[in-house]
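Heads up, the sequence shown is in our numbering, so the first residue is 54 and it goes up one at a time.
Here a beta-carbon is modelled for each residue, glycine too, at the ideal position from N, C-alpha and C.
Just so it is clear, the structure is predicted and the values come from calculations on it, not from any experiment.
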Amino acid sequence: MHIIHSLHVDLFAGLPGTLFLGFTGALLRVAIVSGVVLYAPFMRKLDFGTVRHDHAARTRLRDLHDMLGNGRDADGQHQHPGRPSHRGLAEQSGRADDCAI
């Protein structure tokens, strides 16, 4: 039982482990609050965690993404904030047909 307690209190690292766990706990709280603040206005129209099955596949996948937070967009591509996808770059250059994704 001491091993489990030490793992959850200080990661077997003493004060640095305790500080690290405190910092990550604070980040978790910030992430939860910001997620609720951003998600709540949109989802007031729907019940919590609703996936709109009667909409297009893209909307359904987006709802699942928002609920699960898996880091992929509705097309299944990894998201890179601030960077357009390869498809986006090809469309910007006017060579969308050259991009085989």
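DSSP places T103 outside both helix and strand once states are collapsed to three, so it counts as coil. Annotation for M120: the continuous alpha helix (DSSP H) segment containing it runs 110-121. The criterion of a C-beta distance shorter than 8 Å is not satisfied by L91 and V104. Cβ-Cβ separation between H106 and R115: approximately 13 Å, too far for a contact (criterion under 8 Å).
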